[in-house]
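A short write-up of the structure that comes next.
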Amino acid sequence: MDGTTPQHLSDAAPAQAPRSEWRQTIGFLLKLAIIFTALRSFAFAPFMIPSASMMPGLLVGDYLIVSKFSYGWSRHSLPFSVPILSGRAFAALPARGDIAVFKAPPLNRQDYIKRVIGLPGDTIQIRGGQIILNGVAVPQQAAGDGIAPIAPGEGCPAAMQLSRGGIVQCRYRRFRETMPGGKTYIVMDRGTTAADDTALFTVPAGHLFMMGDNRDNSADSRFPAVPGQGIGYVPVDNLVGRAQFLFFSTDGSASWLLPWTWVSAARWHRIGGAL
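So the sequence shown is numbered by numbering that gives the first Met the number 0: it starts at 0 and just counts up by one.
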(Lines of atoms letter the chains of each structure in order from A and count residues from 1; the text may use other names and numbers.)
(Lines give C-alpha, C1' and ligand atoms only; values in the text may rest on other atoms or scores of the structure.)
Protein backbone atom coordinates (compact mmCIF):
# COMPACT_ATOMS: atom_id res chain seq x y z
CA MET A 1 0.00 0.00 0.00
CA ASP A 2 1.72 3.19 -1.13
CA GLY A 3 -1.13 5.59 -0.02
CA THR A 4 -2.21 6.50 -3.54
CA THR A 5 -5.89 6.48 -4.63
CA PRO A 6 -6.80 3.61 -6.97
CA GLN A 7 -7.39 4.79 -10.53
CA HIS A 8 -10.91 3.32 -10.83
CA LEU A 9 -12.06 5.17 -7.69
CA SER A 10 -10.68 8.56 -8.67
CA ASP A 11 -12.39 8.33 -12.08
CA ALA A 12 -15.81 7.39 -10.60
CA ALA A 13 -16.09 10.14 -7.98
CA PRO A 14 -16.56 13.16 -10.26
CA ALA A 15 -19.26 11.36 -12.30
CA GLN A 16 -21.55 11.19 -9.23
CA ALA A 17 -21.69 14.96 -8.63
CA PRO A 18 -23.83 16.06 -11.61
CA ARG A 19 -26.42 13.35 -10.93
CA SER A 20 -26.55 14.29 -7.24
CA GLU A 21 -27.02 18.00 -8.05
CA TRP A 22 -29.88 17.19 -10.46
CA ARG A 23 -31.59 15.03 -7.81
CA GLN A 24 -31.28 17.85 -5.27
CA THR A 25 -32.67 20.41 -7.73
CA ILE A 26 -35.63 18.22 -8.71
CA GLY A 27 -36.28 17.42 -5.05
CA PHE A 28 -36.28 21.12 -4.17
CA LEU A 29 -38.68 21.97 -7.03
CA LEU A 30 -41.03 19.18 -6.00
CA LYS A 31 -41.08 20.40 -2.41
CA LEU A 32 -41.69 23.96 -3.62
CA ALA A 33 -44.58 22.77 -5.79
CA ILE A 34 -46.10 20.86 -2.87
CA ILE A 35 -45.84 23.89 -0.57
CA PHE A 36 -47.36 26.20 -3.22
CA THR A 37 -50.20 23.76 -3.90
CA ALA A 38 -50.92 23.43 -0.18
CA LEU A 39 -50.99 27.21 0.30
CA ARG A 40 -53.11 27.67 -2.84
CA SER A 41 -55.53 24.95 -1.72
CA PHE A 42 -55.88 25.63 1.98
CA ALA A 43 -54.56 29.08 2.90
CA PHE A 44 -54.63 31.84 0.27
CA ALA A 45 -55.64 32.31 -3.36
CA PRO A 46 -55.54 35.20 -5.85
CA PHE A 47 -58.73 36.58 -7.39
CA MET A 48 -59.17 39.15 -10.14
CA ILE A 49 -62.20 41.47 -10.23
CA PRO A 50 -63.90 40.70 -13.57
CA SER A 51 -66.90 43.05 -13.47
CA ALA A 52 -68.18 46.38 -12.13
CA SER A 53 -70.62 44.83 -9.64
CA MET A 54 -68.50 45.77 -6.59
CA MET A 55 -67.81 49.39 -7.54
CA PRO A 56 -66.88 51.84 -6.17
CA GLY A 57 -64.72 49.92 -3.70
CA LEU A 58 -63.45 47.31 -6.15
CA LEU A 59 -62.64 48.03 -9.79
CA VAL A 60 -62.23 45.82 -12.83
CA GLY A 61 -58.53 44.90 -12.91
CA ASP A 62 -58.06 44.74 -9.13
CA TYR A 63 -56.25 41.63 -7.89
CA LEU A 64 -57.12 40.39 -4.41
CA ILE A 65 -55.80 37.88 -1.93
CA VAL A 66 -58.55 35.61 -0.58
CA SER A 67 -58.08 33.77 2.72
CA LYS A 68 -59.54 30.28 2.45
CA PHE A 69 -59.34 29.50 6.15
CA SER A 70 -61.62 32.36 7.25
CA TYR A 71 -64.84 30.35 6.86
CA GLY A 72 -63.46 26.81 6.93
CA TRP A 73 -63.02 24.51 3.95
CA SER A 74 -65.37 22.73 1.58
CA ARG A 75 -64.83 21.12 -1.81
CA HIS A 76 -65.22 24.59 -3.36
CA SER A 77 -62.23 25.83 -1.38
CA LEU A 78 -60.05 23.46 -3.38
CA PRO A 79 -58.80 24.00 -6.94
CA PHE A 80 -61.34 22.73 -9.47
CA SER A 81 -63.73 21.95 -6.57
CA VAL A 82 -62.21 18.50 -6.19
CA PRO A 83 -64.86 16.45 -4.30
CA ILE A 84 -62.65 15.13 -1.50
CA LEU A 85 -64.47 17.01 1.28
CA SER A 86 -68.04 16.43 2.39
CA GLY A 87 -69.78 19.44 3.95
CA ARG A 88 -67.55 22.07 5.51
CA ALA A 89 -64.59 21.49 7.83
CA PHE A 90 -63.93 24.01 10.64
CA ALA A 91 -66.98 25.96 9.42
CA ALA A 92 -67.46 29.58 10.46
CA LEU A 93 -70.15 31.98 9.26
CA PRO A 94 -69.09 35.25 7.63
CA ALA A 95 -69.89 38.54 9.33
CA ARG A 96 -72.46 40.81 7.72
CA GLY A 97 -70.56 43.20 5.49
CA ASP A 98 -67.72 40.79 4.64
CA ILE A 99 -66.62 40.62 1.02
CA ALA A 100 -66.65 36.94 0.06
CA VAL A 101 -65.71 34.86 -2.97
CA PHE A 102 -67.98 31.89 -3.69
CA LYS A 103 -69.17 29.52 -6.39
CA ALA A 104 -72.24 31.11 -7.94
CA PRO A 105 -75.52 29.18 -8.00
CA PRO A 106 -77.13 27.51 -9.79
CA LEU A 107 -74.21 25.93 -11.68
CA ASN A 108 -71.68 26.29 -8.83
CA ARG A 109 -68.80 26.62 -11.30
CA GLN A 110 -67.91 30.29 -11.65
CA ASP A 111 -66.33 32.34 -8.88
CA TYR A 112 -68.33 35.44 -7.89
CA ILE A 113 -67.47 38.15 -5.39
CA LYS A 114 -70.19 39.97 -3.42
CA ARG A 115 -70.85 41.42 0.00
CA VAL A 116 -72.52 39.34 2.70
CA ILE A 117 -75.79 41.07 3.63
CA GLY A 118 -77.89 38.39 5.30
CA LEU A 119 -77.10 35.32 7.43
CA PRO A 120 -79.28 32.22 7.96
CA GLY A 121 -82.63 33.21 9.46
CA ASP A 122 -82.35 36.91 8.56
CA THR A 123 -85.19 38.70 6.84
CA ILE A 124 -84.25 41.17 4.10
CA GLN A 125 -86.23 43.58 1.97
CA ILE A 126 -85.13 46.46 -0.25
CA ARG A 127 -87.29 49.59 -0.05
CA GLY A 128 -86.39 52.62 -2.11
CA GLY A 129 -82.86 51.26 -2.49
CA GLN A 130 -82.34 50.85 1.27
CA ILE A 131 -81.84 47.50 2.97
CA ILE A 132 -84.33 46.55 5.67
CA LEU A 133 -82.57 43.90 7.75
CA ASN A 134 -84.66 42.02 10.29
CA GLY A 135 -87.19 44.85 10.22
CA VAL A 136 -84.63 47.62 10.77
CA ALA A 137 -83.34 49.96 8.05
CA VAL A 138 -79.58 49.65 7.52
CA PRO A 139 -78.25 53.21 7.98
CA GLN A 140 -77.22 55.08 4.84
CA GLN A 141 -75.46 58.43 4.75
CA ALA A 142 -74.84 60.47 1.60
CA ALA A 143 -71.17 60.27 0.62
CA GLY A 144 -71.06 62.63 -2.35
CA ASP A 145 -71.24 61.93 -6.06
CA GLY A 146 -68.87 59.79 -8.07
CA ILE A 147 -68.13 59.46 -11.79
CA ALA A 148 -67.67 56.22 -13.72
CA PRO A 149 -67.77 55.04 -17.35
CA ILE A 150 -71.05 53.54 -18.52
CA ALA A 151 -70.50 49.80 -18.84
CA PRO A 152 -71.99 47.89 -21.82
CA GLY A 153 -75.67 47.17 -21.18
CA GLU A 154 -75.74 49.53 -18.21
CA GLY A 155 -78.18 52.40 -18.08
CA CYS A 156 -77.66 55.92 -16.84
CA PRO A 157 -80.40 58.57 -16.61
CA ALA A 158 -79.84 61.38 -19.13
CA ALA A 159 -79.70 63.93 -16.32
CA MET A 160 -76.76 62.03 -14.80
CA GLN A 161 -74.70 61.74 -18.00
CA LEU A 162 -71.68 63.90 -18.80
CA SER A 163 -68.97 63.82 -21.42
CA ARG A 164 -65.25 63.84 -20.59
CA GLY A 165 -62.75 63.78 -23.43
CA GLY A 166 -65.43 62.53 -25.79
CA ILE A 167 -66.31 59.62 -23.49
CA VAL A 168 -69.80 59.57 -22.00
CA GLN A 169 -69.71 58.88 -18.27
CA CYS A 170 -72.29 58.64 -15.54
CA ARG A 171 -72.50 60.67 -12.37
CA TYR A 172 -73.82 58.49 -9.59
CA ARG A 173 -74.76 58.92 -5.96
CA ARG A 174 -72.70 57.30 -3.23
CA PHE A 175 -73.88 56.26 0.20
CA ARG A 176 -72.05 55.00 3.26
CA GLU A 177 -73.84 51.92 4.52
CA THR A 178 -73.21 50.58 8.04
CA MET A 179 -74.09 47.03 9.03
CA PRO A 180 -75.03 45.87 12.52
CA GLY A 181 -71.70 45.28 14.22
CA GLY A 182 -70.17 48.42 12.72
CA LYS A 183 -68.79 47.28 9.36
CA THR A 184 -69.10 50.22 6.98
CA TYR A 185 -68.51 50.69 3.24
CA ILE A 186 -69.56 52.78 0.23
CA VAL A 187 -72.28 51.72 -2.22
CA MET A 188 -73.26 53.40 -5.47
CA ASP A 189 -76.69 54.17 -6.93
CA ARG A 190 -77.15 55.15 -10.59
CA GLY A 191 -80.89 55.77 -10.32
CA THR A 192 -84.24 54.09 -9.72
CA THR A 193 -84.55 50.47 -10.88
CA ALA A 194 -86.98 47.60 -10.32
CA ALA A 195 -84.51 46.05 -7.86
CA ASP A 196 -84.78 49.09 -5.54
CA ASP A 197 -88.01 47.60 -4.15
CA THR A 198 -88.27 43.87 -3.51
CA ALA A 199 -90.40 41.29 -1.79
CA LEU A 200 -89.45 40.12 1.70
CA PHE A 201 -86.71 37.49 1.71
CA THR A 202 -86.09 35.02 4.54
CA VAL A 203 -82.63 33.47 4.33
CA PRO A 204 -82.87 29.66 4.68
CA ALA A 205 -80.67 27.67 7.04
CA GLY A 206 -77.22 27.04 5.61
CA HIS A 207 -77.49 29.92 3.13
CA LEU A 208 -76.43 33.56 2.71
CA PHE A 209 -77.91 36.65 1.04
CA MET A 210 -75.29 38.42 -1.09
CA MET A 211 -75.36 41.80 -2.86
CA GLY A 212 -72.97 43.87 -4.96
CA ASP A 213 -72.01 47.39 -3.88
CA ASN A 214 -72.92 48.64 -7.37
CA ARG A 215 -76.58 48.18 -6.56
CA ASP A 216 -77.91 48.87 -10.07
CA ASN A 217 -75.44 46.58 -11.83
CA SER A 218 -75.19 43.39 -9.80
CA ALA A 219 -76.68 39.96 -10.49
CA ASP A 220 -77.05 38.93 -6.86
CA SER A 221 -79.42 37.38 -4.30
CA ARG A 222 -82.22 39.81 -5.14
CA PHE A 223 -82.77 37.77 -8.32
CA PRO A 224 -83.57 34.07 -8.80
CA ALA A 225 -80.67 31.71 -9.48
CA VAL A 226 -80.45 31.87 -13.27
CA PRO A 227 -77.01 31.83 -14.97
CA GLY A 228 -75.99 35.40 -15.77
CA GLN A 229 -79.13 36.90 -14.21
CA GLY A 230 -79.05 36.19 -10.48
CA ILE A 231 -77.76 33.80 -7.82
CA GLY A 232 -80.62 33.49 -5.32
CA TYR A 233 -79.58 32.35 -1.85
CA VAL A 234 -75.95 31.15 -1.72
CA PRO A 235 -75.20 27.91 0.18
CA VAL A 236 -72.60 28.39 2.90
CA ASP A 237 -70.75 25.40 1.45
CA ASN A 238 -70.18 27.41 -1.75
CA LEU A 239 -67.87 29.85 0.04
CA VAL A 240 -64.32 29.93 -1.28
CA GLY A 241 -62.92 32.51 1.13
CA ARG A 242 -62.84 36.06 2.40
CA ALA A 243 -61.30 38.92 0.38
CA GLN A 244 -58.48 40.38 2.49
CA PHE A 245 -56.43 42.97 0.58
CA LEU A 246 -55.43 44.27 -2.85
CA PHE A 247 -52.03 43.10 -4.03
CA PHE A 248 -52.15 44.57 -7.54
CA SER A 249 -54.36 46.71 -9.77
CA THR A 250 -54.23 47.58 -13.46
CA ASP A 251 -56.35 49.84 -15.62
CA GLY A 252 -56.28 47.36 -18.51
CA SER A 253 -54.13 49.43 -20.85
CA ALA A 254 -51.05 47.18 -20.61
CA SER A 255 -49.89 44.83 -23.39
CA TRP A 256 -48.16 41.55 -22.55
CA LEU A 257 -45.80 42.19 -25.48
CA LEU A 258 -44.78 45.63 -24.13
CA PRO A 259 -43.35 45.07 -20.62
CA TRP A 260 -42.94 48.80 -19.90
CA THR A 261 -46.71 49.22 -20.12
CA TRP A 262 -47.11 46.90 -17.14
CA VAL A 263 -45.75 49.74 -15.00
CA SER A 264 -47.69 52.57 -16.65
CA ALA A 265 -50.97 50.62 -16.43
CA ALA A 266 -50.61 49.83 -12.72
CA ARG A 267 -52.88 51.74 -10.33
CA TRP A 268 -50.20 52.04 -7.66
CA HIS A 269 -52.35 54.02 -5.24
CA ARG A 270 -54.72 51.04 -4.90
CA ILE A 271 -52.13 48.37 -4.15
CA GLY A 272 -52.01 47.10 -0.58
CA GLY A 273 -55.41 48.39 0.45
CA ALA A 274 -57.28 46.35 3.07
CA LEU A 275 -60.89 45.36 2.40
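All C-beta atoms in this analysis are idealised placements derived from N, C-alpha and C, irrespective of residue type, glycine included.
Pairing D144 with R170 gives a Cβ-Cβ distance under 8 Å. Residue pairing by DSSP places P148 opposite Q168 in a beta bridge. With the rule of 3 Cβ pairs closer than 8 Å, the stretch 116 to 134 counts as touching the stretch 192 to 207. Nearest to G120 by C-alpha distance, out of I270, L207, M53 and W267, is L207.
Assigned with DSSP and collapsed to three states, M178 falls in coil, not helix or strand.
Just so you know, the alpha carbons of K67 and L77 end up roughly 9 Å apart.
Annotated three-state conformation of V202 is coil, per DSSP. When secondary structure is reduced to three states using DSSP, A158 falls in the helix class.
At a cut-off of 4 residues, the continuous stretches assigned as alpha helix (DSSP H) that sit fully inside the stretch 186 to 265 are 259 to 263. For I130, the enclosing beta strand (DSSP E) has its first and last residue at Q129 to L132.
In this structure, L238 lies near S73, with their beta-carbon atoms less than 8 Å apart. Taking 3 residues as the shortest admissible run, the stretch 69 to 126 contains the following complete beta strand (DSSP E) segments, listed from N- to C-terminal end: 98 to 102, 110 to 117 and 122 to 126.
Around the Cβ of I112, a 10 Å sphere holds 16 or more other Cβ atoms; the residue is buried. By the criterion of a C-beta distance shorter than 7 Å, I64 is surrounded in its chain by F43, P45, Q243, F244 and F246, once the five residues flanking it on both sides are discounted.
DSSP, reduced to helix, strand and coil, places S66 within a strand of the structure shown. A distance below 7 Å between beta-carbons, with the five flanking residues on each side excluded, links G71 to the following residues of its chain, in chain order: R87, A88, F89, A90 and A91.
The C-beta separation of V115 from A99 comes to about 6 Å, placing the pair in contact by the 8 Å criterion. Separation of the CB atoms of D97 and R241 is rounded to 6 Å, and the pair is thereby assigned contact status at 8 Å. Straight through space, the alpha carbons of K182 and T260 are spaced by roughly 37 Å. Taken atom to atom, the span from the alpha-carbon of P226 to that of M47 is near 20 Å. Taking a C-beta distance under 8 Å as the contact criterion, F200 and T122 qualify as a contact pair.
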